[in-house]
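In our numbering, the protein residues as written are 284 to 395.
The beta carbon of each residue, even a glycine, is placed where N, CA and C say it ideally should be.
Inspection log for the structure reproduced underneath, given as structure tokens.
Dropping the structure here:
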């Protein structure tokens, strides 16, 4: 499985954490879920971090079956819509940058 992560590095405007989270879930998540070929979408909001760690208030993870499907999703109109929705929410609530990382997962189940 291939997962494309978006790390939102920066700050949510003071006092806007709840509004930011609600806007992401109602305005942007439906667009992310519409990416063709996506198997799963996970939105993770930060609760706390290690001292000295960069501030990353949100991480988005969208999983796909393979790299070709990732490339097709990134070339789709769904991505254009999602990017516009994301930028609209960020303009209201966030100062920082987004960087993306594509990974291949290797699960290692725990045994009892």
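CB-CB under 8 Å to residue i, same chain, minus the five flanking residues each way: which ones, in chain order?
{"i": "residue 359", "result": "318, 319"}
Which same chain residues end up closer than 7 Å to residue i when comparing Cβ atoms and leaving out the 5 residues on each side of it in sequence?
{"i": "residue 337", "result": "292"}
{"i": "residue 380", "result": "292, 293"}
Contact defined as beta carbons within less than 8 Å: I believe residue i pairs with residue j. What is the distance between those atoms, to the nearest angstrom?
{"i": "residue 341", "j": "residue 307", "result": "7 Å"}
{"i": "residue 345", "j": "residue 324", "result": "5 Å"}
{"i": "residue 289", "j": "residue 343", "result": "4 Å"}
{"i": "residue 287", "j": "residue 372", "result": "At roughly 19 Å, the Cβ-Cβ gap does not stay under 8 Å, so residue 287 and residue 372 are not in contact."}
Does DSSP put residue i in a helix, in a strand, or in coil?
{"i": "residue 394", "result": "coil"}
{"i": "residue 306", "result": "helix"}
{"i": "residue 365", "result": "helix"}
{"i": "residue 290", "result": "strand"}
{"i": "residue 375", "result": "helix"}
Excluding the 5 residues preceding and the 5 following residue i in the sequence, name in chain order all residues of the same chain whose CB lies nearer than 6 Å to its CB.
{"i": "residue 314", "result": "364, 365, 368"}
How should residue i be labelled, buried or exposed, when 16 other C-beta atoms within 10 angstroms of its C-beta is the threshold for buried?
{"i": "residue 377", "result": "buried"}
Output yes if chain C places a C-beta closer than 7 Å to the C-beta of residue i; else output no.
{"i": "residue 296", "result": "Absence of chain C from the displayed structure is noted, only one protein chain being present."}
Does the pairing of the segment 348–368 with the segment 290–304 give three or more beta-carbon distances under 8 Å? no
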